[in-house]
Each structure stands twice: as C-alpha cells, then as structure tokens.
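Quick notes on the structure that follows.
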Amino acid sequence: MRDLFRGELVRLTSEEPGLRAQAEARWQRDTEFHRLADSDPAQIISEKKLKEWFEKQIENGFKPDRYSFAVRTLADDRHIAFFALWLDLIHNEAWVGIGIGEREFWGKGYGTEMMKLCLQYAFTELNVHRVSLGLHEYNPRALRSYQKAGFRMEGRTRQDLMREGKRYDSLWMGILREEWMQMQTGDLHE
Amino acid sequence: MNDILKGEFVRLSSIDPDEFGKAFSRWHRDSEFMRFLDSSPSQLQSQKGMQKSLEEDLEKQKNDRHWFTIRALDDDKLLGDIDLSIYNWTGRDAFVGLGIGERDFWGKGYGTDVMKVILRYAFTELNLQRLTLTVFEYNPRAVRAYEKTGFRHEGRLRQFLNREGRRWDMLFMGILRHEWMEQNGQ
C-alpha cells in the first residue's frame, strides 16, 4: 500500500498545539502570506489564542467532516506548512485550504506535492467525489501549482477583492474523482 | 417534489421529549416489544427518567444521527420511532433501528411503510451507499417487512441470544444503493 502521509519532499504530521501555535503565529506576521492565504484584513492573533484554538479541536474529538494536517520537510524535518480538508458529508465533496508559512519553501514544488498528497488522501481515503478550492487572482504561483496537481478552473467572482487600490477576482477551481483517477499511473494500492 | 418524510400510512416527525418519553416509558412495560427491540434484559424506566435521557440524547445529536418519531397519517397518533445512524462516512453506511410501540399497529403494513420512507430518505436525501440492520430470529414479522422493502440477508450471529431457555440467532440484513435504485425505477 502507498504511504498516504509521505511524498518525495514532505510528510504530513500532527503537531502538538503549542508547537503549531508557535509556528502559525510567526507565519501570520508575514502580511504577504496572509494575503495569499486569505481575503480578510491581516490581523495578528496571539500564540496563546491559537494554542487554545488547536487544543479545542483536540478536545472536540474526531469529526468526520474535518481533517487538518501540519507538514514537515523530509530533508531536515522542518515544520513549514499546513493544510485542511472540510467535507460536505451529504454531497460527499470537500474543500481544501493550504498554506506554506516558511517563505524559503515558496515556488519550489512543495505546495504542488502537498496538494498531490491531499488529493490522494481525499480520493482514496475519504472517498470523496470532488475537491474544490478558492484562490485570489493575485496569486499566480498558487494557480500554476493547483493546475499541476490537476485542478481545473471552474469560475470566478469578478472584482470582489480590493488590494492596494486595485480590484482582483476570486477564482474557483475543482477536480472530479474520475479526472484524478485518470491522472494516476500504476496500481493505487502498490 | 413529494414530501419525502411521508409514506402511505405514516409520516416521520420530530421528537418531543415530553410526549415521546411518556409514550416510550409506557411501551417499555410491554416486555414482548422490548425483546423485539433490544437484546438487553427488559427494564422499566420512569417517564421522568426517559424524558431526561431523551433530552440529553437530542442535545448530543449531530449530523450522523437522524432520529424520528412515527405518526399515523389519519389521526396523527404517535406509533413508534426510527433511528438512522451513519457510523461509517467513508463507506457511507448507516445502521437503522425501527420500533412500533403501539401493538394495535403490528402486522398491518405500518413497519413496511416506515421502512420505505427511511430508505428513500437514506438514498435520496443523505445520499448513502448502503443501509444495515439487525433483527432477532424470533421476530419473523419484522424479517418479512424488511424483505418486502428490499433488504437482503447478509449473515447471522449463531445462537447469539438466550430467550425463554433457548438460543436464537441475530440476523444481519442490508440493502445497497443500486439495489434500491433499481427497485424504485431511479
């Protein structure tokens, strides 16, 4: 069987709330990261609040509609990113959000590999029918990465974002189970 | 669209802990009903205790549990309850339990009608892949009703129960999405 939690560059992990909060509090002080990840105004949430939030998730226990991972590099075991999947259990489809907090790992294929692991998990472990995501027009690097992972452009909300005095679109992408299956070579259970 | 919570003789309705607790504690005094419903020893529970535990259950209820009371269409009488729990989301399989507490309504097609409604709900509203149930060997009336609605026999735990000095099997039944679709011309 394939190891669902390991690629060629990264592996998926579960981090202690304290460690995860420490890293994510630092990442969000990078306003460029925040703008790429989110359309909200950049804000700073304390490490303590983040830690409480992650602890709360653990307290709430397993939820069949939410899967959240931290990501570490295989080369030097650095905690560099996170991703999460949210499922609509009735329609059996998922939304994904992904963020690489450590800038030195931008533009080097880490995000593409994370997304590939994420899709493998969604389609072979969670058995969903489709995966959706949203991104901002001003993030062409992410767009290319998602295309490489197999997402297709499905639509756009025109001019709904305003950054630095300019209007940008929100973009919507998706991949269907059958499209992902066709991209796979070899036996999925090897 | 049709009202998917309504059948030919019955409809599914929400649970009122006061009303249902009162009825359920009365049904509990019928030990034959309890033996059909459950493998644990028949016990009595007060109306108040029943209402309290119902309230707690309803409080905890999440999107993996769909629990309804059953009412007659002609006079709105409360007849029983049906409880569908999705215990495996990735396999999209749910377990269903049905109980008609009012004895006057046994053997008259009410159970079959309720099961038809919950099957339609499971496959067209919850989009599930299969439905599972268990039934005791000494309840042939229920087995027939489940067979009529399309459930197939899938297995049995041999001599699982001891009732009145003899041992009985627990039967497993199930229905797959495509089987239901074919039977219902979908």
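Protein sequences appear in the order of chains R and Z. Each residue of the first sequence is one higher than the one before, counting from 1 in this note's numbering. Each residue of the second sequence is one higher than the one before, counting from 1001 in this note's numbering. All residues carry an ideal CB built from backbone N, CA and C; glycine is no exception.
Alpha carbon to alpha carbon, how far is R:Lys166 from R:Ile191? Give it in angstroms, no decimals. Because chain R here runs from 1 to 190, residue 191 of chain R falls outside it and cannot be looked at.
Based on the DSSP secondary-structure assignment, which residues constitute the bridge partners of Z:Asn1088? Per DSSP, the beta-bridge partners of Z:Asn1088 are Z:Asp1093.
Please report the distance separating the alpha-carbon of Z:Leu1054 from that of Z:Ala1094. Cα to Cα, the separation comes out at about 21 Å.
Out of R:Asp76, R:Thr124, R:Ala81 and R:Arg103, state which residue places its alpha-carbon closest to the alpha-carbon of R:Ser68. Closest by alpha carbon: R:Ala81.
Cα-Cα separation between Z:Lys1060 and Z:Pro1017, rounded to whole angstroms: Taking the straight line joining both Cα atoms gives about 14 Å.
According to DSSP, simplified to helix, strand and coil, what is Z:Trp1106? In the structure shown, Z:Trp1106 sits in coil (DSSP, three-state: anything other than H, G, I, E or B).
Span separating the alpha-carbon of R:Glu179 from that of Z:Trp1180: Each residue's Cα considered, the two are about 28 Å apart.
When Cβ atoms are compared, which residues of the region 1105–1139 of chain Z fall closer than 8 Å to chain R? Against chain R - using a Cβ distance shorter than 8 Å - the residues of the region 1105–1139 of chain Z are Glu1125, Leu1126 and Asn1127.
Measuring alpha carbon to alpha carbon, tell me which of R:Leu9, R:Leu4 and R:Ile175 ends up nearest R:Thr112. The residue with the shortest Cα to Cα distance from R:Thr112 is R:Leu9.
If we ignore side chains and look at the alpha-carbon of each, how far apart do R:Glu125 and Z:Thr1090 end up? Taking the straight line from one Cα to the other gives about 7 Å.
Chain Z partners of R:His79, CB-CB under 9 Å? The premise fails here: R:His79 is roughly 28 Å from chain Z at the closest Cβ pair, so nothing lies under 9 Å.
Taking only beta-carbon positions, decide if Z:Thr1090 is within less than 8 Å of chain R. Yes, its Cβ sits closer than 8 Å to a Cβ of chain R.
With DSSP run on the structure shown, which of helix, strand or coil describes R:Glu190? Low per-residue confidence applies at R:Glu190: pLDDT is 48, beneath 50, and the placement is therefore not dependable, though the value from the model is reported in the following sentence. Three-state result, R:Glu190: coil.
is_contact[Z:Asp1057, chain R] using C-beta, thresh 8 Å: Taking Cβ atoms only, chain R never reaches closer than 8 Å to Z:Asp1057, which makes this a no.
Hey, out of Z:Leu1012, Z:Leu1128 and Z:Lys1077, whose CA is closest to Z:Asn1088's CA? It is Z:Leu1128 whose Cα lies nearest to the Cα of Z:Asn1088.
Rounded separation between Z:Asp1104 and Z:Asp1081 - CA only: Taking the straight line joining both Cα atoms gives about 15 Å.
Who are the Cβ neighbours of Z:Tyr1146 in its own chain at under 8 Å, not counting the five residues just before and after it? If we look at Z:Tyr1146 and ignore the five residues flanking it on each side, its Cβ neighbours are Met1115, Leu1133, Val1135 and Met1173.
Assuming Z:Phe1009 and Z:Asp1113 make a contact with CB atoms under 8 Å, what is their CB distance in whole Å? About 5 Å; that satisfies the 8 Å criterion.
For R:Trp172, list the residues DSSP reports as bridge partners. Under DSSP, the beta-bridge partners assigned to R:Trp172 are R:Gly134 and R:Gly155.
Short of 8 Å Cβ to Cβ, which residues in the region 1044–1068 of chain Z face chain R? Listed in sequence order: Asn1063 and Asp1064.
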